[in-house]
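Peer 1: Have a look at this one before I ask anything.
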Amino acid sequence: MSIDKATLTQLPAFQGLDAQQIIDVHQPEHFELFEQQIQHVQAVGFDTESKPTFQKGEVQTGPHLIQIATEDYAFLFSYHQFQHPALQRLLASPDILKVGFGLKNDRHLLHKHQLQLEAMFDLSHQFKSFGYRNQVGIQTAVALLLQQYLHKSKRVRLSNWSQQPLSIMQRTYAANDAYASLKIYLALQQEKLKSK
């Protein structure tokens with residue numbers, strides 16, 4: 152079972168966060184809002200972005216961005232904020248699930264920066280009940296569970312994530328990846344409750 156591109160693009164657009172709900176974290180008040188938002192959650196959407204490598208032998212220096220999403224906000228942490236205690240506490244917390252796609256690679260990249268990622272929940276393998284034996288990507292997952300189309304621009308995906316400030320398109324792309332992961336996780340939890 153699979154969903155082709157033509158079918159995907161016929162779905163309504165993914166309902167992501169508004170621009171004012173996407174926070175580039177660099178001011179003290181941003182960290183305060185972040186800590187307030189994660190205080191009572193059981194799970195957050197999680198993703199990373201890295202400047203792509205195009206030449207053979209070029210060393211991957213990423214990730215250059217960490218995205219954390221709650222139901223109300225997406226927080227974008229540039230490389231310069233990775234050592235902030237609030238972010239480190241969240242990443243290492245065994246009590247808050249970090250949900251996303253392809254997290255094994257994210258964990259490996261974060262480890263290179265002395266960042267510990269605990270309580271990961273990789274959504275890629277959660278779709279066996281939908282007839283998928285292999286991994287499912289975020290676009291297919293959004294289509295299956297939310298009946299929406301998550302547009303993934305190759306140009307934005309391959310853009311320079313190490314360069315600050317991020318463009319509006321980069322901010323939206325990054326926020327939607329983490330936010331969609333959380334929405335998918337919450338929808339999967341609802342499906343499990345229905346099947347009991």
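Numbers given in the working numbering equal positions in the sequence shown, counted from 1, plus 151. Note that beta-carbon positions come from the ideal geometry of N, C-alpha and C, so glycine has one too. If you're wondering where the values come from, they're calculated on a predicted model, not measured in any experiment.
Grouping DSSP H, G and I as helix and E and B as strand, with all else coil, what is Gln218?
Peer 2: Three-state result, Gln218: strand.
Peer 1: What is the residue span of the beta strand (DSSP E) that Lys248 lies within?
Peer 2: The sequence given here places Leu at residue 248; Lys does not occur at that position. Residues 248–251.
Peer 1: Ends of the alpha helix (DSSP H) at Ile154?
Peer 2: Unbroken run through Ile154: none, as it is neither H nor E.
Peer 1: Would you mind working out which of Lys305, Ser310, Ala164, Ser280 sits nearest Leu297, comparing C-alpha positions?
Peer 2: The shortest Cα separation from Leu297 among Lys305, Ser310, Ala164, Ser280 belongs to Ala164.
Peer 1: Look up Ser318 in the DSSP assignment and say whether it is helix, strand or coil.
Peer 2: Coil, per DSSP.
Peer 1: Would DSSP call Ala270 helix, strand or coil?
Peer 2: Residue state, collapsed to three classes: coil.
Peer 1: By a C-beta neighbour count over all protein chains shown, 10 Å radius and 16 as the cutoff for buried, is Leu309 buried or exposed?
Peer 2: By the neighbour-count rule (16 or more Cβ atoms within 10 Å), Leu309 is not buried but exposed.
Peer 1: Assess, as a yes-or-no matter, whether the segment 281–298 is touched by the segment 229–237 under the definition of 3 or more beta carbon pairs within less than 8 Å.
Peer 2: Cβ pair count under 8 Å is below three, so no.
Peer 1: Check this for me: beta carbons of Lys202 and Ser318, under 8 Å apart or not?
Peer 2: Not in contact: Lys202 and Ser318 (Cβ atoms no closer than 8 Å).
Peer 1: Beta strand (DSSP E) containing Val195: first to last residue?
Peer 2: 194–200 is the span of the beta strand (DSSP E), which, as asked, contains Val195.
Peer 1: Identify whether Asp175 lies in helix, strand or coil by the three-state DSSP scheme.
Peer 2: DSSP places Asp175 in strand when its eight states are reduced to three.
Peer 1: If we ignore side chains and look at the alpha-carbon of each, how far apart do Val192 and Ile247 end up?
Peer 2: Cα to Cα, the separation comes out at about 7 Å.
Peer 1: Flag this pair as yes or no: are the beta carbons of Tyr283 and Ser304 separated by less than 8 Å?
Peer 2: No, the Cβ-Cβ distance between Tyr283 and Ser304 is not below 8 Å.
Peer 1: Suppose the cutoff is 8 Å on Cβ atoms and the five residues either side in sequence are ignored; what does the same chain contact list for Thr204 look like?
Peer 2: Hits under 8 Å: Val210, Gln211.
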